[in-house]
Amino acid sequence: MVRFLLAKLLYLIPTFLGITIIAFGFVRILPGDPVLLMAGERGVSPERHAELSAQLGFDKPVVMQYLDFLWRLLHGDFGNSLVTKKPVLTEFLALFPATLELGLCAILIATLVGVPVGVLAAIKRGSWFDQVSMTTALVGFSMPIFWWGLLLIIFFSGFLGWTPVSGRISLMYFFPQVTGFMLIDSLLSGQQGAFISAVSHLILPSVVLATIPLAVIARQTRSAMLEVMGEDYVRTARAKGMPSRRVIGVHALRNAMIPVVTTIGLQIGVLMAGAILTETIFSWPGIGKWMIDSISRRDYPVVQSGLLLIAGMVMIVNLLVDLTYGLINPRIRAS
Amino acid sequence: MSNTAELSTAAIRRQMLAEFWFYFRQNRGAVAGLFVFILLVLTAVFASVLAPHDPTAQYRDALLLPPVWQEGGRAEFLLGTDAVGRDMLSRLIFGAQYSLFIGIVVVSIALFGGIFIGLIAGFFRGWVDALIMRVMDVILAFPSLLLALVLVAVLGPGLTNAMIAIAIVYQPHFARLTRAAVMGEMRREYVTAARVAGAGNIRLMFKTILPNCLAPLIVQATLSFSAAVLDSAALGFLGMGAQPPAPEWGTMLAEAREFILRAWWVVTFPGLAILVSVLAINMMGDGLRDALDPKLKRS
Amino acid sequence: MKYLSRSLLAVSALALTTAVAEAKTFVYCSEASPEGFDPSPYTAGTTFDASAHPIYNRLTEFKKGTTEVEPGLAESWDVSEDGTEYTFHLREGVKWQSNDRFTPTRDFNADDVVFSFERQGDPDHPWHQYIPGITYEYYTSMDMPNLVKSVEKIDDYTVKITLNQPEAPFLANIAMPFASIVSKEYADTLEEAGAKEDLNNLPIGTGPFKFVAYQKDAVIRYQKNADYWGDAPLIDDLVFAITPDSSVRLQKLKAGECHLMPYPSPADLESIRSDDSLKLDEQPGLNVGYLAYNTTVEPFDNPKVRKALNMAINKEAIIDAVFQGAAEPAKNPIPPTMWSYNDSIEDDPYDPEAAKAMLEEEGVTDLSMNIWAMPVQRPYMPNARRTAELMQEDLSKVGVSANIVSYEWGEYLAKSMEAGRDGAVILGWTGDNGDPDNFLSVLLSCDSAKEGGANRAFWCNEEFSDLLQQAKVTADQAERTDLYEQAQVIFKEQAPWLTIAHSTQYVPMSTKVSGFKMSPLGDFTFEDVDLAE
């Protein structure tokens, strides 16, 4: 197991270097000039422009800038935002809990609904439930979520007035940020109603973000179940007269879960992409919106370090999925 | 001798097609998807005949008119007009052209790029393979939409650049599939036989191996087609895709966002159009997969 | 509405348990996150609304709702004969705020004033670069480094600022947010603790509100400053709920989640007016949106061609479709709310026939030109692309074919200032300090018609520029008014721009809000605001 882990980690190093090159390179060839953006309509004199560029380190050769960037990364320095002048890592850590909370809720909804639906659809293959749920799943899979979010806002916030329009919690509540997760912090604060308020703010964005993963998980669970149920050992167990509930519960479900776990793990990338859209629509103060804003402001350090942090996170999750997979299924470890 | 061989290949092909259609037809959703897709293609092709108005013509006396069935609607604008008085229906019809065009271009670039890269990696193995696959890993480590966003920011917002960016982001999937298929096929006897018979590398790659690993690529291509329509709409929505006044659905949504409370039709219809087209393509893709993937045929 | 009643319930429950009832909390749905809380290094209006206005004061202040200068931390001032020496007499007994880290031992005094200016003007000052990469853009762009010779403390409550040459708008300049006065004692405390950057994170000021907490991109909280030297605020707590999307802001306002919001989308004005729980304040904004020709390139170097094009474009149609009526057509480069606005000037009529004839007379046929449409939304121009499309259609009617081009915003700003630029540029300007010089000199003088300037028409008219220069060194406002009025006549004759519109500012708020005064400068300040139960 240790060797497996080490091999995986070694494998990640060149990938990670590649990511730093892409993050740095892309950002450096972005057209536009942060100095000009800061000056706005007023304009900036050529001398002042040169002075400011030098101050930001843009006058050095690109290779030097890259090595500088790597060197500082090794020391845990992700640079400072050009707009707020604050360390990128500080900003990332301030916003990340919001995205994480949203993402976890979405994946929870997707799993808790998707897996049972998939299992049931597989068991009752061809039934109306199967057909309706799988059609719905396909609709969900095809959903432009930025539009879906707008529709939900129009209906639930605008028309019914059931859910708040945006934000993470009602402003009536004010308590210290302990974990950064609004659900936990609101409970810790002991203020009545705070938790409910946090939930009501979280519900629409998580549903929107969960839509596509939910559809994928339900479909994947169904086909994995069908495949496993067709395998010899399940048939044998059935033929031997094992009660079908037990067959499904013990044999089929457990084996079908292997690809499902992978699918869930792989949704992290989908979630990050979805978070960009969801956070934009719901004004959710997370890293998706932060990245979009930073790209349009040409805030180089934020874009490059943000890309790096996000890609690094995806890599780590993928590694964890690999490891889980290895744990469940020893055959893979050997190969 | 050669004559009979040709005959039999043709026969086999016919039989394969019949079998494919047989399985495809079994999936009612797939047939429905195909039907909608054909409608979509027809709409796109005959857009200029079908559309009652020029999609960019502005009727200054008809700003933000509701659809015809609602109070204040006018018969000449069936689905209402947008903020500068352009006919929604005509814009939606012309939008079909954009979506299909985007899907085709993105899938073509990603498919050919991916196949080429995958073939090289799978065929030559060694350091070439290692290098290529590491690059693919790097691309896949970024969430696709985020990478596409940065790429578009690099290239400049616009339809062409959005398509290129999306294609670049999708291409590793094809490369990986091709590589895996090639590596599988390379061990087969017919490849060894061809090699012994003196077939060159290129001939071997394109003529012998490639046709045998097309099935998963076709399935991936339909998936990518619908994803491309979705992602380009998302880029348009974020202001990085097709630029106004192009009647691209995502861009229309972005422009309509400020009217969300006042004019539901400018928000609802473009999104619905995206959903329906993507859904149709995905349904078709499901049918294709069932018909092409022998492993799932049983179940 | 159901949500509202639920949160009200929650609030009353809260009041029972923690006994913080009766506190008046005012929620402002702001449009963007502040860049930081030190006003001097930043340039965005949203930053000043969150820092300079609630937390800090300046030597001079703009009288609420106007661009007139009134005493602030300086109770009075004397100006020397030659207009280069300003002696400020400071207000006594002004208390600094406190926080967990800092308890002031002394009141506001001359040391703070000297510190606040020197840290910006002196590159070797230990606080000049207290955060790496920090710059003082407003201080620089208002030309303060060349203008200010020295800032001296005469005694604890007297400060003398000496200028290199007379500058009529100086008192208005130092009422601007960048000239906010920060506490030297607080800075010293932070330096000792090795936490200099907290000057920007945990601000201490003399203003009406105290900073409490900021959660990035989500919410800023303030508390009433009980020791405020002016009239104490009527609300107890001030909350900024950061909500970038204008339609979301409106929905929050309607749902009672906030009491006041900036920048409603013009499309929503009707629904705001028809909502009984909301009211809408409006006033003409201190801005102008324009289309600048390149007056150095044929055929646009001919004023008659420019005039003809101006006559071909239907401003009313742009105002209807792009501004949704929320603007008035512009005839002068400065807005009508600004002193010296020359109302006797006649605007060029919309007359495509005459325009066509005029173009033919000048021998301009088959003209094709570029129209530059900026990629972003600005207060003076909600949708440049749409404006360009309308212009394109109007121009086609007089036989001019227009091609719309656009670039990424930073590039747009740079490329539109490149000499020999091809085409006319849509852009605009929002005033900084209410002085006409801040529009005319910055945008239309010969000095700014070069790289690094902002004269995108590249229009250099000696007579016009001389009038501006005279006005700048004249202290008497009546005399200055006269000079600026003459300048506007020249501008209209020469037509370097098509002046499009002055957009109207709207501020929707709950009917419970009273006492809010709109600022012509676009500031949002809340010390006079009250909230009915």
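Residue numbers (full-length UniProt numbering), protein chains in the order written: chain A, 1 to 335; chain B, 1 to 299; chain C, 1 to 533.
Beta carbons are placed, not taken as given, at the ideal position from N, Cα and C, and that holds for glycine.
Query, Result
"Just how far apart, CA to CA, sit L202 of chain C and G36 of chain C?", "10 Å"
"Sorted by chain position, which residues of the same chain lie with C-beta nearer than 6 Å to R91 of chain B's C-beta, five sequence neighbours on each side aside?", "P55, P247"
"Give, in chain order, every residue of the region 59-90 of chain B whose Cβ lies closer than 9 Å to some Cβ of chain C.", "R60, L63, L64, A83, V84, G85"
"Find the nearest neighbour of M143 of chain A within the set B:F22, B:L272, B:L292, B:E185, judged by alpha-carbon distance.", "B:L272"
"In whole angstroms, what separates the C-alpha of V317 of chain A from that of L214 of chain A?", "19 Å"
"Can a CB atom of chain B be found closer than 8 Å to the CB of T263 of chain A?", "no"
"Of all the options A:I123, A:S81, A:G286, A:T221, which has the alpha carbon lying nearest to the alpha carbon of L102 of chain A?", "A:G286"
"Mind listing which residues of the region 132-146 of chain B have their C-beta closer than 9 Å to chain A's C-betas, in chain order?", "R134, V135, D137, V138, I139, L140, A141, F142, P143, S144, L145, L146"
"Please go through the region 233-313 of chain A and give each complete alpha helix (DSSP H) segment of 4 or more residues, from N-terminal end onward.", "253-282, 287-297"
"R221 of chain C versus chain A: which residues are under 9 Å apart at the beta carbon?", "L171, F174"
"So, is the C-beta of R480 of chain C closer than 8 Å to a C-beta in chain B?", "no"
"Take Y506 of chain C as the anchor and find which of C:Y380, C:D435, C:V425 has the nearest alpha-carbon.", "C:Y380"
"Assign M134 of chain A to one of three DSSP states: helix, strand, or coil.", "helix"
"Taking P259 of chain A as the reference, give the member of A:A98, A:G306, A:Q177, A:R222 with the closest Cα.", "A:R222"
"Taking DSSP as the reference, what is the three-state secondary structure of A21 of chain C?", "Bear in mind that a pLDDT of 47 at A21 of chain C, under 50, signals an unreliable position, so the number given afterwards is only what the model happens to contain. Three-state result, A21 of chain C: coil."
"I'd like to check one pair, M88 of chain B with V266 of chain B: are the Cβ atoms closer than 8 Å?", "yes"
"Please state if the CB of V27 of chain C and the CB of residue 373 of chain A are separated by a distance shorter than 8 Å.", "A query on residue 373 of chain A cannot be resolved here, the shown segment of chain A reaching from 1 to 335 and no further."
"What are the residues of the region 242-256 of chain B that lie near chain C, defined by any Cβ-Cβ distance shorter than 9 Å?", "Q243, P244, P245, E255"
"Less than 8 Å between CB atoms is the rule here; does W264 of chain B satisfy it with respect to chain A?", "yes"
"Within this structure, are the beta carbons of M369 of chain C and G423 of chain C separated by less than 8 Å?", "yes"
"For T192 of chain B, is the classification buried or exposed, using 16 other Cβ atoms within 10 angstroms of its Cβ as the cut-off for buried?", "exposed"
"Spatial neighbours of Y66 of chain A within its chain, please: CB distance less than 7 Å, with the 5 preceding and 5 following residues excluded, ordered by chain position.", "F24"
"Rounded to the nearest angstrom, what separates A232 of chain C and P169 of chain C at their Cα positions?", "30 Å"
"Since K153 of chain C is in the beta strand (DSSP E), which residue starts that stretch and which ends it?", "148-155"
"For a test of the three-state rule: what should DSSP assign to T160 of chain B, helix, strand or coil?", "helix"
"Would you list, in chain order, the members of the region 387-398 of chain C that have their beta-carbon closer than 8 Å to a beta-carbon of chain B?", "E389, L390, E393"
"With 8 Å as the threshold, decide whether the Cβ of I55 of chain C is near any Cβ in chain A.", "no"
"At the level of alpha carbons, what is the spacing between G18 of chain A and Q177 of chain A?", "36 Å"
"Jot down the residue ranges of each uninterrupted alpha helix (DSSP H) in the region 34-71 of chain A, minimum 4 residues, whole runs only, in chain order.", "34-39, 46-55"
"Return the first residue and the last residue of the beta strand (DSSP E) that T430 of chain C is part of.", "424-430"
"So that I know if they touch, is there some Cβ in chain A lying closer than 8 Å to that of A21 of chain C?", "Any reading at A21 of chain C needs caution, since the residue's pLDDT is 47, under 50, leaving its predicted position unreliable; the model's value is listed next. Judged by the 8 Å Cβ criterion, A21 of chain C is not in contact with chain A."
"Just to confirm my understanding: we take N403 of chain C, look at its own chain, exclude 5 residues before and 5 after, and list those with CB closer than 6 Å. What are they?", "N370"
"For a quick check, are the C-beta atoms of S53 of chain A and D299 of chain A less than 8 Å apart?", "no"
"Look at the alpha carbon of Y350 of chain C and the alpha carbon of Q283 of chain C, and state the distance between them as a whole number of angstroms.", "26 Å"
"Using a Cβ-Cβ cutoff of less than 6 Å, which residues in the same chain neighbour V303 of chain A once the five nearest sequence positions on both sides are dropped?", "V27, S294, I295"
"Which runs of the alpha helix (DSSP H) fall wholly inside the region 131-192 of chain C and span at least 4 residues, in chain order?", "137-141, 144-147, 170-173"
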